[in-house]
Amino acid sequence: MLEQLNGVRTPLRFWFRFIGVEFWLVGLVPFQIGFIVGAQAWTSTPGLLGLATVALLTSSSFVLNHICDLETDRQNPRKAFSLLVRGDIAPLTGWVLFAALQLVTLMLAAFIGREFLFCLLGLTTISLTYNIAPLRLKERPGLDIAANGVSLGFLLPLAGWSLSQPLTEFPQLYFASIICYLVGFYCPTMAVDVVADRAVGTTTFATRFGALATMRLSWIAMTFGAVILFWSGLNDAFPWDRNLLWWTGWILAIQPLAHWQLLPPNKAPDYETVRRGSISLATMAAFATLAFLWLYLSGSPEPPFRR
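For the sequence shown, numbering that gives the first Met the number 0 gives the first residue as 0, with consecutive numbering after it.
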């Protein structure tokens, strides 16, 4: 196996895609939000170590996904970059790489802190049950969405929060909204793959209930997330308050309208619609989140009419 590794002449970009480097931000952003809200600081040494750990965990999950989906990936043109599909590495080598990444992840998590380790163990458990039979949650309609929502919208922010605050004081309502937003972003990626997934026999929420139902769920989830944040601001539910709502509430108001226009819930999407719509909505969400965090760390300044 070592000789095989030494003999591989694979472009570095394929290795980066294989370990999911381009998707690191999917895990790093919710983790960092949880960290900032808890620590009330942009970063710290534990925070940087946490970011590295989450990146490693994301890579291990991607490698596991490639291993478990090898047969269907061979029939999917979009997965032609996979080192396993290309034949650059053997499945056994993939398992060794997964085990190494997972071991380093958990060792680093244990070094950072016990509560952080608990969160990472939870994320690892979801990754295993999501990909490996007999559970294989990714092929159980509804549970596929729930698994992504819990891991990205709950456990990752909780891991960031745990670096400075007790787990029991986690602001549940705020991060319930994050789950809603992540479900809103995840659903279109399933809807656009309905035809390809059905062709290879993959079962997802979208293949079971259809692309239209999946797009409707996307809009409902994002709208509900905005409503939660708006309600939190009106009722001073930590970390929100009325000052923060005054500064950023207008973004919450236009998000459902923008979502309806960019990712219409009344028709099945094509790849270009999902790509452009997701990028536009993600940019809007990123701006809103950065504005909120900057104002939050600035002490929630009062609006001009209150001064």
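Glycine included, C-beta positions come from ideal geometry on N, C-alpha and C.
(request) Give the range of the alpha helix (DSSP H) segment to which P29 is assigned. (result) W23 to A38
(message) Considering only the alpha carbon of each residue, which of M214, P300 and R77 lies closest to W239?
(response) P300
(request) Put K266 into one of helix, strand or coil per three-state DSSP. (result) Under the three-state reduction of DSSP output, K266 falls in the coil class, being neither helix nor strand.
(request) Along the alpha helix (DSSP H) that carries W41, what are the first and last residues, could you check? (result) According to the DSSP assignment, W41 belongs to no alpha helix (DSSP H), since it is labelled neither H nor E.
(message) Suppose the cutoff is 7 Å on Cβ atoms and the five residues either side in sequence are ignored; what does the same chain contact list for V103 look like?
(response) L55
(request) Return the first residue and the last residue of the alpha helix (DSSP H) that E114 is part of. (result) R113 to N130
(message) Mapping the DSSP letters down to three states, classify F17 as helix, strand or coil.
(response) In the structure shown, the three-state DSSP call for F17 is helix.
(message) Taking the alpha helix (DSSP H) that N147 belongs to, which residues open and close that run?
(response) L142 to V149
(message) Please return the same chain residues whose Cβ sits closer than 8 Å to the Cβ of T188, not counting the five positions on each side in sequence.
(response) Counting only residues of its own chain and dropping the five nearest sequence neighbours on each side, T188 has a CB closer than 8 Å to the CB of V273 and S277.
(request) Tell me whether N242 sits in a helix, a strand or coil according to DSSP, three-state version. (result) Here DSSP, grouped into helix, strand and coil, assigns N242 to helix.
(request) If I'm right that G46 touches L162 with Cβ under 8 Å, what's the distance once you round it to whole angstroms? (result) At roughly 6 Å, the Cβ-Cβ gap stays under 8 Å, so G46 and L162 are in contact.
(message) Please report the distance separating the alpha-carbon of T71 from that of P268.
(response) 22 Å
(request) Locate the alpha helix (DSSP H) running through E70, then write down its first and last residues. (result) L69 to D72
(message) Check for me: the alpha helix (DSSP H) holding D196 runs from which residue to which?
(response) V193 to A198
(request) Closer than 8 Å by C-beta to A257: which residues in its own chain qualify, once you throw out the five before and the five after it? Chain order, please. (result) S279, L280 and M283
(request) Measure the CB-CB distance between I35 and L243 and report whether it falls below 9 Å. (result) no
(message) Given this structure, state the Cα-to-Cα distance separating D143 from P303, to the nearest angstrom.
(response) 45 Å
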